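Peer 1: Residue numbers (the UniProt record's numbering), protein chains in the order written: chain A, 1 to 289; chain B, 1 to 343; chain C, 1 to 337. Before I ask anything, let me first share the structure, which is written out below as structure tokens.
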């Protein structure tokens, strides 16, 4: 008769385990703090910003950083700090909307072609080839040029190109997971394809995609700012970091703060996404193999 | 044991074509085929354990996956209680999957790392509507008892268990859907030696209690001999010998079975045996020799073996596919001289 | 070729391991992988080192060649021809490694260089450890491949490792190891990845090479059957410690440590078909969870109170049998269930 295996002592509950591990990582904490603060700024700019971002003050034009205006003022006497804070709303929105649809479309397409393969996969392969032969920015600019400038059109343009990268990543992950025995076990148990894909394979394939999404949000801010700078994204006088940098470009020698301060905001926010993404990559890795 | 087979295969062949580069396709190079199975005939009776042995690459895992419906055979048919697997669609096909369960060799990859053990079992129970409502929880408790896992296993993830415990979880998951036939593909070979016996005992016990039919695919001859009623020896995708376990192991009729048994490590300390039981290696399944698949390595091979593939015919207490089975048993078949192996 | 057939018992020990302790991790709370292991090896002897995963058998092998530093620490003595390998510097060890003592691994594909033809990998080793000229090296490489049973040796010198089957790759590994004419071959599960008929061929090869060159072999395996097939002596390890050692035939016929006995009894042999096999309850302890007393005590049917508190001290009895157990099975004459 087989004998009962000795029972391992019960472990603490899983979610608290994740939090405990996450809190031990300085990178996670830093990323979380930066993004948390960014989110607050994006949600309540009116409560936080010291001045109206659009109010002209002809008595204080192009003043350097001071106690009254920590980030200085621009060519119309607008407070740069307030404009940078208001820009959080636009830029955080951009980070999210320019990527989330790409991620969802890519995740679904990648999961399906990765699981079924065959002709759909072959066609997908050619689409990927076609898209990645063009530099990302060039393709996006071309689409925006057709649709016309503006935030929504920019989201559409970025999503139209970006989903391919998510789909490619998901497809590779799904194919790797599909080769595992647990996927075969699910088939032997007679589970439906949808159940196998979405309940078994995707949860195991999704972590790299989420990590990539984090980094991609940082890239989306850079891309959105670049387009704003070029006049293809957010339109002045709306406060957006790329637009702000563009506004200061003529005064870069005399009033450097107008361009530098929003630049720093981009760097810090991007860093926040990257730190969070990197630590999530470690935290989400399944244990025990 | 009833004579009516619950699961039978006839003329089962599986060929995988190797992917060809586009250039080769354009130049019209013939496609290369891996012949994993070459016309297998088998039948398993209800409640029986059929052992399947052979070396890696002989096709025994492909056979297991075919029977579990994971690989579609190129030729031949699989029948379950007289019905052809290839004819089953939709609901009937899912019912087949429920009745014939496969347990995988590697308990580290056969369990979804992101599901708790309880979730895995309740999924299996609800998808096939084995139980509903509170019946699910109750049944999970019963299953844990059946495979001797502690009840607190429910909320744990696979990585919290040892290899042996994981294999029990895999068994519990297979049993959740109340199968009639269990295919065990190298059930214990990934486990530590001292844990293997625990799992083998569990399987024997469950088989008796639940009246399961078992296909025990393994390379460990000692275990196969211990658990099987009948044994099939597979070489290069063909059954070379099949018969009652004791007959095959105590008086093998096919020269390959004989060599396999001689090479298998036993606990008898063999003083002075300096020559290997069998020379040469398994030929590539890309280029299976004509005639008897074993003739290249067979010490008794004659001209006829190079030309003609032997059929499975009654010899001794079972069936063997050898032209000279009787002569070899009588000791009258000449042994050919050792010749250098082809590179 | 050398032929040194001397009576085994009369030969002196070439390798003497005394109280080997290998640990990892922090000094104050070390993880002890090998705990006070002793064994001695004579010239031309094949010594089986048996254990399950985590028993410390592979770490023992790697400790001999100093392959676990700098992460691990090695204590005790490893006396090789009068020198203590555990005390040698990395440079001094380098001169012994691959020359006097060679090693082969379970998975030859990962230990052969996939980008170099095998002929080059053998002649490289010949160039490093012998004074042979280029043409002689070539000839010797062919002779070696031929000796380990690779058909058409000359034609295969230019082949790459992936062009060989698993069994043939293991032969190539052995040929490379033999190039320097080592006096000791450390074999870490050399046949675990191979089929039984190929395993049988490799074990016979090791046996004949040991006899022919007077080369000693330490063969690490988890399979008592492999030990029975080719080892002169055997040491059984559990939880980093030695349980039992002795001449293979004696240990298998009359195991005295309950673990050895359990291991042997769980292999079906002379029991009625389909009856429950003898099984050892529980699972082997992990590296960090070794009990304070005997490592096997929690799973041992013979365990006494003393077993839980005190590590058994290894003792050597008549007939070269070593044993570390507070409450062993009765001696060889008695029946062991």
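A virtual CB, placed ideally from N, CA and C, is assigned to each residue, including glycine. Nothing here was measured: the structure is a model prediction, and the numbers come from that model.
Check whether the Cβ atoms of residue 57 of chain A and residue 78 of chain A sit closer than 9 angstroms, and answer yes or no.
Peer 2: yes
Peer 1: How is residue 6 of chain C classed by DSSP in three states: helix, strand or coil?
Peer 2: With a pLDDT of 42 at residue 6 of chain C, under the threshold of 50, the modelled position of this residue cannot be trusted, and the question is left open.
Peer 1: Residues of chain A with CB closer than 8 angstroms to the CB of residue 177 of chain B, please, in chain order.
Peer 2: 189, 190
Peer 1: Under a CB-based cut-off of 9 angstroms, is residue 360 of chain A close to chain B?
Peer 2: Nothing about residue 360 of chain A can be reported from this structure: the residues present for chain A run from 1 to 289 only.
Peer 1: Alpha carbon to alpha carbon, how far is residue 282 of chain A from residue 23 of chain A? Give it in angstroms, no decimals.
Peer 2: Residue 23 of chain A and residue 282 of chain A have their C-alpha atoms some 13 angstroms from each other.
Peer 1: Could you have a look at residue 331 of chain B and say whether DSSP puts it in helix, strand or coil?
Peer 2: coil
Peer 1: With 7 angstroms as the C-beta to C-beta threshold (strictly closer), list the residues of the region 87-111 of chain B near chain A in chain order.
Peer 2: Those would be 94, 97, 98, 101, 102, 104, 106, 108, 109, 110, 111, in chain order.
Peer 1: If you follow the beta strand (DSSP E) that residue 51 of chain B is part of, which residue opens it and which one closes it?
Peer 2: 49-53
Peer 1: Report yes if the CB atom of residue 194 of chain B is closer than 9 angstroms to the CB atom of residue 58 of chain C, and no otherwise.
Peer 2: Contact flag unset, no.
Peer 1: What separation, rounded to the nearest whole angstrom, lies between the Cα atoms of residue 167 of chain A and residue 105 of chain A?
Peer 2: So the two alpha carbons sit approximately 8 angstroms from each other.
Peer 1: Can you name the start and end residues of the alpha helix (DSSP H) that residue 106 of chain B belongs to?
Peer 2: Counting along the chain, residue 106 of chain B sits inside no alpha helix (DSSP H), nor does DSSP assign it H or E at all.
Peer 1: Interface residues of chain B around residue 198 of chain C at Cβ under 7 angstroms?
Peer 2: 281
Peer 1: 9 angstroms is my cut-off, CB to CB: does residue 149 of chain A come that close to chain B?
Peer 2: Not one chain B Cβ lies under 9 angstroms of residue 149 of chain A.
Peer 1: Are the beta-carbon atoms of residue 312 of chain C and residue 326 of chain C separated by less than 9 angstroms?
Peer 2: For residue 312 of chain C and residue 326 of chain C, yes; Cβs fall inside 9 angstroms.
Peer 1: Among residues of its own chain, excluding the 5 on either side of residue 99 of chain C, which ones have a beta-carbon nearer than 6 angstroms to its beta-carbon?
Peer 2: 129, 180
Peer 1: Which of helix, strand or coil does DSSP assign to residue 181 of chain B?
Peer 2: strand
Peer 1: For residue 5 of chain B, would you say it is in contact with chain A, using Cβ-to-Cβ distances shorter than 9 angstroms as the test?
Peer 2: Chain A has no Cβ within less than 9 angstroms of the Cβ of residue 5 of chain B.
Peer 1: Closer than 9 angstroms, CB to CB, is residue 258 of chain B near chain C or not?
Peer 2: no
Peer 1: Out of B:216, B:220, B:82, state which residue places its alpha-carbon closest to the alpha-carbon of residue 229 of chain B.
Peer 2: Selected option, being the one with the closest Cα: B:216.
Peer 1: Would you please verify whether the beta carbon of residue 44 of chain B is less than 9 angstroms from any beta carbon of chain A?
Peer 2: no
Peer 1: Quick one: is residue 69 of chain B near chain A, going by C-beta distance under 9 angstroms?
Peer 2: yes
Peer 1: Could you tell me the alpha carbon to alpha carbon distance between residue 110 of chain B and residue 81 of chain A, rounded to whole angstroms?
Peer 2: 56 angstroms
Peer 1: State the beta-bridge partners of residue 13 of chain C as determined by DSSP.
Peer 2: C:42
Peer 1: Have a look at residue 354 of chain B and residue 320 of chain B and give me their C-alpha separation to the nearest angstrom.
Peer 2: Here chain B has residues from 1 to 343 only, and residue 354 of chain B is not among them.
Peer 1: Could you give the distance in angstroms between the alpha-carbon of residue 330 of chain C and the alpha-carbon of residue 256 of chain C?
Peer 2: Going by the C-alpha atoms only, they are around 7 angstroms apart.
Peer 1: Where does residue 123 of chain A land, buried or exposed, given buried means 16+ other C-beta within 10 angstroms?
Peer 2: exposed
Peer 1: Residues of chain C with CB closer than 7 angstroms to the CB of residue 198 of chain B, please, in chain order.
Peer 2: Within 7 angstroms Cβ-Cβ: 279.
Peer 1: Hey, could you find the ends of the alpha helix (DSSP H) residue 140 of chain C is sitting in?
Peer 2: 134-147
Peer 1: Let's see if you can read the secondary structure: which residues bound the alpha helix (DSSP H) around residue 88 of chain A?
Peer 2: Counting along the chain, the unbroken alpha helix (DSSP H) around residue 88 of chain A starts and ends at 80-116.
Peer 1: For residue 16 of chain B, which residues of its own chain have a beta-carbon under 8 angstroms away from its beta-carbon, when the five flanking residues on both sides are left out?
Peer 2: 33, 34, 36
Peer 1: What are the residues that DSSP puts in a beta bridge with residue 269 of chain A?
Peer 2: Residue 269 of chain A is not bridged to any residue.
Peer 1: For residue 62 of chain C, collect the residues of the same chain with a Cβ closer than 6 angstroms to its Cβ; drop the 5 residues on either side in sequence, then sort them by chain order.
Peer 2: For residue 62 of chain C, where only same-chain residues beyond five positions count, the Cβ hits under 6 angstroms are 68.
Peer 1: Just to check my reading of the structure: residue 263 of chain B and residue 278 of chain B have Cβ atoms closer than 8 angstroms, yes? What is that Cβ distance to the nearest angstrom?
Peer 2: 6 angstroms
Peer 1: Identify the continuous beta strand (DSSP E) that holds residue 221 of chain C and give its terminal residues.
Peer 2: 216-221
Peer 1: Decide yes or no for the touch test of the region 237-244 of chain A against the region 89-108 of chain A: beta carbon pairs closer than 8 angstroms, at least 3 of them.
Peer 2: The region 237-244 of chain A vs the region 89-108 of chain A: in contact.
Peer 1: Residues of chain B with a CB under 7 angstroms from the CB of residue 252 of chain C: which are they?
Peer 2: 267, 269
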